[in-house]
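Note that the protein sequences, when read in sequence, are chains F and D.
Going by this note's numbering, the first residue of the first sequence is number 3, and it counts up by one from there.
Going by this note's numbering, the first residue of the second sequence is number 3, and it counts up by one from there.
Note that beta-carbon positions come from the ideal geometry of N, C-alpha and C, so glycine has one too.
Owing to the predicted nature of the structure, the values given are computational and were not obtained by experimental measurement.
Structure record follows, encoded as structure tokens.
Number of protein chains: 2
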Amino acid sequence: MRQAKNRIAELEGILREGGVRVTRQRAAILKILAEAEDHPDASELHRRAKEIDATVSLSTVYRTLSALEQQGVVQRHAFENATARFETADAPHHDHLIDIETGAVIEFRSDKIEQLQAEIAAELGYDLVRHRLELYCRKRKD
Amino acid sequence: MRQAKNRIAELEGILREGGVRVTRQRAAILKILAEAEDHPDASELHRRAKEIDATVSLSTVYRTLSALEQQGVVQRHAFENATARFETADAPHHDHLIDIETGAVIEFRSDKIEQLQAEIAAELGYDLVRHRLELYCRKRKD
DNA sequence: ATGCAAATGAGAACCATTTGCAACTAGCTA
DNA sequence: TAGCTAGTTGCAAATGGTTCTCATTTGCAT
Ligand SMILES: [Mn+2]
Ligand SMILES: [Mn+2]
Ligand SMILES: [Zn+2]
Ligand SMILES: [Zn+2]
């Protein structure tokens, strides 16, 4: 809990630095995001945030997510035919494996792949700015 | 040209096999797709198809693309905040590098990455069904 | 040629996300 | 501490790519 509080305070600090006001609504959304262990979409975040502050509107959730994304505090994912999902951007970079039966999202990281991507871009005369790697899988049955 | 004609005939054959009628509109869309060297979206395909058959409607473009996708003849891509783009699925598998300044799409393939992906899925207890790998890049300036 | 299930065009519907606007309010100022 | 004001909010309407509805047309097997 101490952990989470620090993290939230830190995030709020980043916002204030960026000239973004920390309103009641934004604090609620930020707390939800900081505590989330999954990859909720806007309406799920809305549902959760309302438990903290019932006045939060879906519009504000969207506006806040855009602001947080712009501040680099939140990351947006657009998985295959699904609404956008979000997570805080404080964890080290990772990519995602999506279970196509259950929708479960599993995180992973491959330094080899990360490096290969940069090499490929370089070979083609480009600098890699960001990438998207998603594995759509089915649980192995043996 | 011979090449293209064969390819189109072949694609039409696949459709008939699948019990999908080859209409005037579908033939036009198929021809455009077979000749396309880029990754056009639905409205661009519509624009091009109308030059062959002016009656083609955007609805039919969408419906045809869905049908072709289901037959495995066409592949749909949903790049970062952009409309869906399409290409025939007869070329060997490849992934895409997107120039974030110009929007240009460049194809590439890395057998190493392909293999690593399968390994990662396996390690997590999954079978890789399909994946999405996109590199968002900026032209290197030196 | 005929019959009929499949396909079409036009426009309405969908739906996640964005936006306009009048009422609030965070946070600096005096 | 009260006041000021630009940033923020809730609500509702707008957006825009894509899908759907339905009356009409058409591919194609017989
Ligand atoms: Mn994640
Ligand atoms: Mn391609
Ligand atoms: Zn990665
Ligand atoms: Zn690939």
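#### Entry: Amino acids of chain D, ordered along the chain, whose beta-carbon sits closer than 9 Å to that of V131(F)
I102, L137, Y138, C139, R140
### Ordered list of beta strand (DSSP E) runs contained in the stretch 85-127 of chain D, each at least 3 residues
87-90, 97-101, 107-110
### Neighbourhood of R4(F) by C-beta distance below 6 Å, restricted to the same chain and skipping five residues each side
Its pLDDT being 48, under 50, R4(F) is placed unreliably in this model, and the value from its coordinates should be taken loosely. Once the five neighbours on either side are set aside, R4(F) has no close Cβ partner at all.
#### Entry: Whole-Å CB distance - I16(F) paired with Q73(F), under 8 Å assumed
6 Å
### Query
Comparing the C-beta of F110(D) with each C-beta of chain F, is any distance below 8 Å?
yes
### Query
What residues from chain F crowd round A123(D), counting only those whose CB sits closer than 7 Å?
L99, L137, C139
### Message
Only counting the same chain, and skipping five residues up and downstream in sequence, which positions put a Cβ closer than 8 Å to that of V58(D)?
### Response
Q27, A30, I31, H48, A51, K52
### Query
Cβ of Y128(D) less than 8 Å from any chain F Cβ?
yes
### Query
Using 8 Å as the limit for Cβ to Cβ distance, is Q119(F) near chain D?
yes
### Message
Starting from V63(D), trace the alpha helix (DSSP H) in both directions and tell me its first and last residue.
### Response
Following the DSSP letters along the chain, one finds V63(D) inside the alpha helix (DSSP H) bounded by residues 60-72.
### Message
Would I16(F) pass as an interface residue toward chain D - the criterion being a Cβ-Cβ separation below 8 Å?
### Response
With 8 Å as the cut-off, I16(F) does not count as an interface residue toward chain D.
### Query
Along the chain, where does the beta strand (DSSP E) that runs through R78(D) open and close?
76-79
### Query
Are the stretch 92-102 of chain F and the stretch 111-119 of chain F touching, with three or more C-beta to C-beta distances below 8 Å?
yes
### Message
For V75(D), count the other beta carbons within 10 Å of its own beta carbon; 16 or more makes it buried, fewer makes it exposed. Which is it?
### Response
buried
### Task
Taking only beta-carbon positions, decide if R87(D) is within less than 8 Å of chain F.
no
### Message
So K114(F) contacts chain D; which residues on that side make the cut at Cβ distance below 8 Å?
### Response
K114, L118
### Message
Could you check if E71(F) belongs to the surroundings of ligand 1, using beta carbon to heavy atom distance under 7 Å?
### Response
no
### Task
Please classify R132(F): is it buried, with 16 or more other beta-carbons within 10 angstroms of its beta-carbon, or exposed?
exposed
#### Entry: Residues bridged to D129(D) (per DSSP)
Answer by DSSP bridge pairing, in chain order: R140(F).
### Query
Exposed or buried, which one is E136(D) when buried takes at least 16 other CB atoms within 10 Å?
So E136(D) counts as buried.
### Query
Just how far apart, CA to CA, sit V24(D) and T85(D)?
26 Å
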